[in-house]
Amino acid sequence: MSTFWKDNLPKLGQMSAAIAIFLAVLTVIFFIAGRANGKKQRPIAIVVFLGPALILLLFGLLGPAVRTFLLSFKGSASKHWVGFNNYHWLFTDPSMRIVLRNTVFWILLTPIITTGLGLLLAILLDRMRRESIAKSLIFMPMAISFVGASIVWEFVYKFANPDQPQIGLMSSIAHHLGFEPPNWLLTQPLNTFLLMVVFIWSQTGFAMVILSAAIKAVPADIMEASALDGAHGWRLFRGITFPMVRSTFIVVLATMVVATLKLFDIVRASTGGNFGTSVLANEMYSETFIRYDAGRGAAMAIVLFLLVVPVLVYNIINLRRERTIA
Amino acid sequence: MSLLTRNPANQKKASKLAEHNAGRKLFGSRPATIIVWLIAIVWTIPTLGLFATSFRPKAEISGTGWWNLFLHPHFTFANYSAIFSTSTVSGIPNGIMPYVINSFVITIPAVIFPITIATMAAYCLAWVKFRGSDLIFYGIFALQIVPIQVALVPLLNLFTGGVHIGSFTLVPALHIAGKFLGIWVPHTMFALPLAIYLLHNFISSLPRDLMEAANVDGASHFTIFRRIVLPLSVPAIAAFTIFQFLWVWNDLLVALTFTGGTEGIDPLNNKLAGLAGTWGSHWELLTSSAFVTILVPLIVFFSLQRYFVRGLLSGSVK
């Protein structure tokens, strides 16, 4: 047996064992708990069904969130309380100002462009006779990791010195159009927008698929009736289609806002946050795991969370309304 | 959203209606087709560039643009045989195969664990209601939005040092950081809010009569769960499987944090991000590895695609 399999077979064994143990434990618990009857059955069922999830959420998300909140008021080694120092630094440090500016750019631009483009495609798809292949092609980037995506886009943005052939697509196009391409990813603030393009490219397909399903769910007779009434194109869209899919549009938009805020991989893998492209989520990683300042990192995580709170509140209000109607 | 399509039967009806209705497709179908195809082509070109580059000889990659592959065809499989060979490739022992295996070893349990636990919790919250169950549901929904970044450091501390309140040890040090278990557990934790929410929407829309009939027959919650809920929830489970598989396979942040750069368990994506730096001059190896990374989720996605919208929309789109 080659050393390769000697190294790697145990891993596969470990995986199979973990899955087998997990399922075996569940089966045994189900079997034992299923024998209980009478009054005890309900409480036992609740504990068995809900218990594992609640414990994992408590230790995995709720506890850590509280702890991060506390850490954000402590110094770099988490030993002393420093009050609002970390937050003060976050909002006043000149290098952080660029990070915050970029984050604001990202939130303002990418969700609306991605969702808008997704809606446009969904509407166009609705008018096509056959849609499957084009739809799949546009959706495909969503399955690609942001690390993969940044390598994909390297061949678009790649720049070579003018005396060498341009092997990046955009550089080559610029060259053939007769002007010398800049070094795209080093040019501020252009590079931030170029990274946004990667995000938009990756997520538009998701918005399109969801919105396309919502448009298909609009009752056909409503569309027909308004078409007979003479509503076409823009008027049909503004008067009928958009109001019918508005709630879906907003949910997709909210999803994109959250995804944008959490954005980490694109920046990390393409520029590493250098050349003025860093965003809050990336800087939080650098601060915590590279510069080892847990306090500042925690403060950034909390700011990220606070930025998402409005989206959260909006979603819960929506959810409650839907549940009471349904 | 869920208002329109809460019920899978309604959704089917709606899409049938849409097919029937040729009227709305009459206007502007040709320009629409042209614009969509133009966008589809623009959207595909970057990926095509990577794909083409991975089949080009090393010397040509840095000399000419990838589009030259189509102008002067000169294919080679050398890059792929290099990364799949089990000898040392440019300083990487055993090529990329060990990392491909790591990725599978990380991803498969990290999909199975949360889906199982979430389906159980979703069933409980939907059909075994108790005082406070709605509050718990909203709480879990809210946790969806906690950025993972918030949880990373405390969770890492939990794994290495346990939880102590004063001198009282609530949870002992688990010592699972740098092991596979140390990645499965965080992925499971982070997946639960979305999974429970999606599955809850689907499971709560299952027919009430069915559940009540089973109850009358004296079936326990465990029997109902196994015999009725699990089989009927397949579309939602499949939709979430796609989501979770893509998320774990493509994840960088969780892997970077919890493998702590342990060579033996690094997933492919993680390695690739590192190689982009060290293999910066080896474009032939980087592109072929990147294509392998992309190919696996694409296969999973296209094979389960038909469930994606169905399972997702029966709940909501979050």
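From first to last, the protein sequence lines stand for chains A and B. Here the first sequence is numbered in this note's numbering, starting from 1 and rising by one per residue. Here the second sequence is numbered in this note's numbering, starting from 327 and rising by one per residue. Cβ atoms here follow ideal geometry from the backbone N, Cα and C, with glycine treated the same way.
Whole-angstrom distance between residue j and residue i, CA atom to CA atom
i              : j              : result
T241 (chain A) : L261 (chain A) : 29 Å
R321 (chain A) : S16 (chain A)  : 44 Å
L312 (chain A) : L319 (chain A) : 10 Å
P473 (chain B) : G178 (chain A) : 45 Å
S614 (chain B) : L572 (chain B) : 19 Å
M272 (chain A) : T585 (chain B) : A small correction: the amino acid at residue 272 (chain A) is Gly; Met does not occupy that position in the sequence shown. Answer to the nearest angstrom: the Cα atoms are 19 Å apart.
F377 (chain B) : A404 (chain B) : 14 Å
F551 (chain B) : S132 (chain A) : 36 Å
L263 (chain A) : K40 (chain A)  : 47 Å
K6 (chain A)   : T604 (chain B) : 27 Å
L532 (chain B) : H547 (chain B) : 15 Å
P310 (chain A) : I200 (chain A) : 23 Å
I167 (chain A) : F401 (chain B) : 18 Å
W81 (chain A)  : P219 (chain A) : 59 Å
A213 (chain A) : Q631 (chain B) : 14 Å
P334 (chain B) : G458 (chain B) : In this prediction, P334 (chain B) has a pLDDT of 47, which is less than 50 and means its spatial position is unreliable; what the coordinates show is noted afterwards. Using only the alpha carbons, I get a separation of about 28 Å.
Y449 (chain B) : I19 (chain A)  : 22 Å
F506 (chain B) : V431 (chain B) : 8 Å
G34 (chain A)  : A562 (chain B) : 25 Å
F353 (chain B) : W363 (chain B) : Residue placement at F353 (chain B) cannot be trusted, given a pLDDT of 46 that sits under 50; what the coordinates show is reported in the next sentence. Going from the Cα of F353 (chain B) to the Cα of W363 (chain B) covers about 18 Å.
M423 (chain B) : D592 (chain B) : 12 Å
Y633 (chain B) : V626 (chain B) : 12 Å
E490 (chain B) : T68 (chain A)  : What sits at residue 490 (chain B) in the sequence shown is His, not Glu. Between H490 (chain B) and T68 (chain A), the C-alpha separation is close to 16 Å.
D577 (chain B) : I316 (chain A) : 27 Å
F4 (chain A)   : G13 (chain A)  : 14 Å
T103 (chain A) : I290 (chain A) : 20 Å
Y292 (chain A) : L482 (chain B) : 14 Å
D229 (chain A) : R235 (chain A) : 11 Å
P440 (chain B) : L23 (chain A)  : 12 Å
R97 (chain A)  : F91 (chain A)  : 7 Å
R268 (chain A) : N595 (chain B) : 13 Å
E610 (chain B) : V197 (chain A) : 25 Å
Residues bridged to residue i (per DSSP)
i              : result
K74 (chain A)  : A:W81
V431 (chain B) : None; V431 (chain B) has no bridge partner.
First and last residue of the uninterrupted alpha helix (DSSP H) at residue i
i              : result
P418 (chain B) : The residue asked about is misnamed: residue 418 (chain B) is Ile in this sequence, not Pro. From DSSP, I418 (chain B) is part of no alpha helix (DSSP H); its letter is neither H nor E.
L657 (chain B) : Nothing in the structure corresponds to residue 657 (chain B), since chain B is present only between 327 and 644.
V257 (chain A) : F242 to L261
D221 (chain A) : A220 to L228
L107 (chain A) : The displayed chain sequence assigns Ile, not Leu, to residue 107 (chain A). Unbroken alpha helix (DSSP H) run through I107 (chain A): P94 to D126.
I144 (chain A) : No alpha helix (DSSP H) contains I144 (chain A), which DSSP labels as neither H nor E.
Q14 (chain A)  : T3 to R35
R42 (chain A)  : Q41 to L57
A540 (chain B) : R534 to V542
P372 (chain B) : S355 to T379
P512 (chain B) : L507 to I529
G205 (chain A) : L190 to K216
S459 (chain B) : S459 to L469
H175 (chain A) : L169 to H176
D338 (chain A) : An answer regarding residue 338 (chain A) cannot be provided, because it is not within the stretch 1 to 326 covered by chain A.
T567 (chain B) : V560 to N576
Residue i and residue j closer than 9 Å at C-beta
i              : j              : result
Q475 (chain B) : A281 (chain A) : yes
M537 (chain B) : P52 (chain A)  : no
I123 (chain A) : I250 (chain A) : no
L579 (chain B) : Y285 (chain A) : yes
L621 (chain B) : F566 (chain B) : no
G590 (chain B) : N428 (chain B) : yes
L137 (chain A) : W369 (chain B) : yes
P64 (chain A)  : L478 (chain B) : yes
H501 (chain B) : A452 (chain B) : no
F139 (chain A) : G375 (chain B) : no
F275 (chain A) : N161 (chain A) : no
A284 (chain B) : I151 (chain A) : For chain B, the structure presents residues 327 to 644; residue 284 (chain B) sits outside this window and is missing.
I471 (chain B) : V48 (chain A)  : no
S380 (chain B) : Y406 (chain B) : yes
S270 (chain A) : L185 (chain A) : yes
F159 (chain A) : P189 (chain A) : no
L211 (chain A) : V252 (chain A) : yes
W575 (chain B) : P498 (chain B) : no
Endpoints, the beta strand (DSSP E) within which residue i is located
i              : result
H490 (chain B) : V489 to I491
8 Å Cβ cut-off: residues of chain D touching residue i
i              : result
L304 (chain A) : You won't find chain D in this structure, because its protein chains are A and B.
The segment 196 to 210 of chain A contacting the segment 247 to 258 of chain A, beta-carbon criterion three pairs below 8 Å: yes
Cβ contact check for the segment 496 to 516 of chain B and the segment 55 to 69 of chain A: 3 or more pairs under 8 Å: yes
Segment contact flag, the segment 139 to 147 of chain A with the segment 113 to 122 of chain A, C-beta cutoff 8 Å, min 3 pairs: no
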